[in-house]
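S.K.: The numbers in the numbering used here rise by one with no breaks, and the one at position 544 of the sequence shown is 527. Structure incoming, see below.
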Amino acid sequence: MPSRPAPGHRRDIQGLRAVAVLLVVADHAFGVPAGGFVGVDVFFVLSGFLMTSVLYREFDRTGRIRFLAFYRRRARRLLPAAAATVAVTVGGAWLLFPSGRFQATLLDAASALGFVSNWRFASLQTDYFQQGSATSPLQHFWSLSVEEQYYLVWPLGLLMLCVLAASSALRRPAVALLTLGATLLLFVLALTLTDADPGSAYFVTPARLWELSLGGAVALALPLTQRAAPWLRAALATTGLAGIVAAALVTPSGAGFPAPWAALAVVSTSLVLAFPWEPERYGRLHPLTNRISGYLGDISYSLYLWHFPAIVLIADGDGTPLPAVVAVVVSGGLAALSYRYVEEPVRRSQWLEPRRERSETSVRRSTTVGISALAALACASVVFALLLDRGPAATAGGAAAGPVSPSAPSTPSTPPTAGEAGQGAATADLQEQLTAALSATAWPQLQQDPGDPVGVEVDRDFDKCSSGGYSQAECTWGDPNAPHTAVLVGDSIAAAYLPALAQVVGSGEWRLSSAALYACPFVDVRIGASARAAETCAARRQSEVDLVRSIHPDLVIVSNTYLRGNDVDTGKKATLPAWRAGFDRQLSALDGSYGNLVVLPPPPYGANLADCYSPRTAPSACLTKVSQSDYRTSMAMLGEVAAAHSGSVVDNLAWFCVEGRCPAFAGDTLVKRDTWHPISTYVLRLVPAMREAFAGVLAG
């Protein structure tokens, strides 16, 4: 007879948990494998599979699903270890972080314990694939939030499907088919959300439900799939495991993730679950069923909880592998302690059970559990306090915009360019200074106090011309009779570049007029804090269009933030397609009214000195890494739209970054005053490099 998997405990599931957590830890700590973040997708499928198995088994046995009992079990399983991790992490943040970042961590802690982290990070426009300063040490709680939100709706959804299928002997296959159909619809929804906004789609629950739902469909179809012949089960399970490994190696970050790219990891995991195979002869050597993978699977939840705070608080931004190794070792030790003294004792206790169902023995056991948990928490706190009491050169931070992950290539693909910022002596000099800053282990003497990054005031007129008190006569620089004219339009990024542009295209044979307005990008989309703000921006954009049409300048310079604000008509973040269409419409209003058009991009979004700077930390705490999703996607979009209007994009990433890594200062000057605005003193240092980048346009 063909061998059948033993009922009950499946060792291959623990092995899958081990594979998933090792992929995530390796990716966060060392940046390899490049697609190691798909370990979370493996967890999603596992969760859907296991929870559906438990819930359907109860319905099949009793004809009902006890919702309160289910949620009590979930609370015992998840809350104690999560609370211990959050408490220790907040303590570490208090020791290490400046006040702004510590306060943000407190909010992250509240959202983590409320299992709404994913929505918090989505609302903050967090980019998972961008590393810089102030990464939340609790950002990894987003995936737990997605799972718990799924558990809020799926028990009721499964009960309704079971009731609809009535008492037919075909109930389970029918429910499996319905669940699979729902999974396909959810996958289409995920495709739509990912295409509209891959940054938010990474976190939001609707874009991830299909992964958990597929796990549920596999659980319901298991009686059928496990009838397959042993050789077929072995082949399909092995194919699934190989698919998970392949997904970790080839899955790209950013655009196309989570849908459709997560499908490789998700479907591969489903194959392993659907066709259980535990070889008897070589079981101890099988990657999913040996003792090591079994133990790692046992502690996988605790290891997942502890690894990210350890990496952010101990190793993030250091740039060398040793701190990352230390962080992984520490998180492994804390995971083992947490599993033994917090997670398992509480899970096996009768905590939260109705009082009438508790025995005297269980009360004593619960008391012991509480004491053990407090002892483990105290030990963990001591360990972290000792590890975090270190000198500035070893201290680092992460990024408010995203977690630890490999950096993107330094130059996004944006055709065509007005000038290569990587060429020329001035840009080469900037690169040398930025490279030196990247290797600095202590903050140098700077023109500005990093704790209060206010640029030297250049000219009040620059600020006035970018606010409500605008007039064309006062906001024009250079000889009024100069033979060449330029007009600057855009938002606060344009205003930030204005001091340098006034020298580059506002002197000699050029004069410059600016009509840019703070918080009003030159994009035909109704964004703003209110309808009134959106109307103000629309009126200013029309003024910019009128200025260009009246002057017919030789050159129009457009400079906007690439961060998309909220559309006042929908109340949601403007989608990338909507932003692209709005930018295209706005440029169309200028067609035929200019000689050349150039888009001047902002620096990459990332480090904010108010959050990341501390005299106790190294400059690496305020390092930004170029986003692999929003920045590159947005730059490519700018290039394509500009090209459609005979325009080009200045490739200026080399003004701020070296090989995708962007320090907080260059020489004795801070680069930015917040997350994306370049500081005025640094902007003035960009004048020679800006002349190089505009040389071809100015000569023409």
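Don't be surprised by glycine CBs; every beta carbon is placed ideally from N, CA and C. Keep in mind it's a predicted model, so treat the numbers as computed, not measured.
Are the segment 518 to 527 and the segment 552 to 560 in contact at 8 Å, needing three or more beta carbon pairs?
M.R.: Contact between the segment 518 to 527 and the segment 552 to 560 is absent, because fewer than three Cβ pairs lie under 8 Å.
S.K.: Comparing alpha-carbon positions, which option in Phe566, Trp193 and Tyr287 lies nearest Leu163?
M.R.: For Leu163, the nearest C-alpha among the options comes from Trp193.
S.K.: So, is Ser285 buried or exposed, given that buried needs 16 or more other C-beta atoms within 10 angstroms?
M.R.: Buried.
S.K.: Does Trp137 come out as helix, strand or coil in the three-state DSSP assignment?
M.R.: The answer is helix: DSSP assigns Trp137 an H, G or I state.
S.K.: In its own chain, which residues sit with a C-beta less than 8 Å from the C-beta of Tyr545, not counting the 5 before and 5 after it?
M.R.: Same-chain partners within the cutoff: Pro584, Pro585, Tyr588, Asp613, Tyr614, Ser617, Met618 and Leu621.
S.K.: For Pro602 and Ala105, I'd like the C-alpha separation in whole angstroms.
M.R.: For Pro602 and Ala105, the distance between alpha carbons rounds to 27 Å.
S.K.: Since I believe Leu538 is in contact with Gly578 (beta carbons under 8 Å), could you give me their beta-carbon distance rounded to a whole number of angstroms?
M.R.: At roughly 6 Å, the Cβ-Cβ gap stays under 8 Å, so Gly578 and Leu538 are in contact.
S.K.: Quick one: what's got a C-beta closer than 7 Å to Trp289's C-beta in the same chain, skipping five residues either side?
M.R.: Thr68, Ser314, Leu317, Ala318 and Ser321.
S.K.: Here's a check: name, in chain order, each residue in its chain whose Cβ is nearer than 7 Å to the Cβ of Ala625, leaving out the five neighbours to either side.
M.R.: Within the same chain, Ala625 has close Cβ partners Leu580, Val582, Ser631 and Val632.
S.K.: Between Ala485 and the rest of its own chain, which residues show a CB-CB distance below 7 Å, the 5 nearest in sequence each way excluded?
M.R.: Once the five neighbours on either side are set aside, the close Cβ partners of Ala485 are Trp460 and Leu495.
S.K.: Is the segment 232 to 240 touching the segment 204 to 214 in the sense that three or more CB pairs, one from each, lie closer than 8 Å?
M.R.: With the cut-off at 8 Å, the segment 204 to 214 and the segment 232 to 240 do not touch.
S.K.: Can you tell me where the alpha helix (DSSP H) holding Asn579 begins and where it ends?
M.R.: Looking at the DSSP string, Asn579 is not in any alpha helix (DSSP H); the run it does join, the beta strand (DSSP E), is Asn579 to Val582.
S.K.: Quick one: what does DSSP say Gly630 is sitting in, helix, strand or coil?
M.R.: Strand.
S.K.: Just grab the DSSP bridge partners of Val539 for me.
M.R.: Its beta-bridge partners are Val470 and Leu580.
S.K.: Below 8 Å, can you find three or more Cβ-Cβ pairs linking the segment 169 to 185 to the segment 135 to 143?
M.R.: Output reads no: the segment 135 to 143 does not touch the segment 169 to 185.
S.K.: To which residues of the same chain is Arg60 closer than 6 Å at the C-beta, ignoring the five residues directly before and after it?
M.R.: For Arg60, where only same-chain residues beyond five positions count, the Cβ hits under 6 Å are Arg330.
S.K.: In the DSSP output, what is Cys645 paired with across the bridge?
M.R.: Thr607.
S.K.: Please classify Asp432: does DSSP put it in a helix, a strand, or coil?
M.R.: Coil at Asp432, not helix or strand.
S.K.: Counting along the chain, where does the beta strand (DSSP E) carrying Trp493 start and finish?
M.R.: Its beta strand (DSSP E) spans residues Trp493 to Ser497.
S.K.: Give a yes or no on whether the C-beta atoms belonging to Ala479 and Pro661 are separated by under 7 Å.
M.R.: It is a contact, given that the beta carbons lie within the stated cut-off.
S.K.: Going by DSSP, which residues form a beta bridge with Lys447?
M.R.: The partner list for Lys447 (beta bridge, DSSP) is empty, contrary to what the question assumes.
S.K.: Bridge partners of Asn549, per DSSP?
M.R.: Partner(s): Lys556.
S.K.: Are the beta-carbon atoms belonging to Asn101 and Trp125 less than 7 Å from one another?
M.R.: Yes, they are a contact pair.
S.K.: By how many angstroms is the C-alpha of Ala682 removed from the C-alpha of Pro466?
M.R.: Distance between the alpha carbons of Pro466 and Ala682 is about 13 Å.
S.K.: Give the single residue among Lys608, Gly74, Asn543 and Val528 whose Cα lies nearest to the Cα of Ser571.
M.R.: When only C-alpha atoms are compared, the closest one is Val528.
S.K.: In whole angstroms, give me the CA-to-CA distance for Leu172 and Val325.
M.R.: Rounded to the nearest angstrom, the two C-alpha atoms are 38 Å apart.
S.K.: When you compare only the Cα positions, how much space is there between Leu219 and Val255?
M.R.: For Leu219 and Val255, the distance between alpha carbons rounds to 7 Å.
S.K.: Measuring straight from C-alpha to C-alpha, what distance separates Ser490 and Asp462?
M.R.: So the alpha carbons of these two residues sit roughly 7 Å apart.
S.K.: Compute the distance between the beta-carbons of Ser283 and Arg668, then report whether it is under 7 Å.
M.R.: Not closer than 7 Å, so no.
S.K.: Do you know offhand how far Gly18's Cα is from Leu224's?
M.R.: If I take the Cα positions, the gap works out to 15 Å.
S.K.: For Leu592 versus Pro436, is the C-beta spacing smaller than 7 Å?
M.R.: Yes, they are a contact pair.
S.K.: Does the Cβ of Gly115 have 16 or more other Cβ atoms within 10 Å, making it buried, or fewer, making it exposed?
M.R.: Confidence at Gly115 is low in this model, with a pLDDT of 47, below 50, so its placement is unreliable and no value can be given for it.
S.K.: Going along the chain, which residues of its own chain have a beta-carbon closer than 6 Å to the beta-carbon of Phe186, five neighbours each way excluded?
M.R.: Here the set comprises Asn101, Phe104, Ala105 and Trp125.
S.K.: Buried or exposed: His535, going by 16 or more other Cβ atoms within 10 Å of its Cβ?
M.R.: Classification for His535: exposed.
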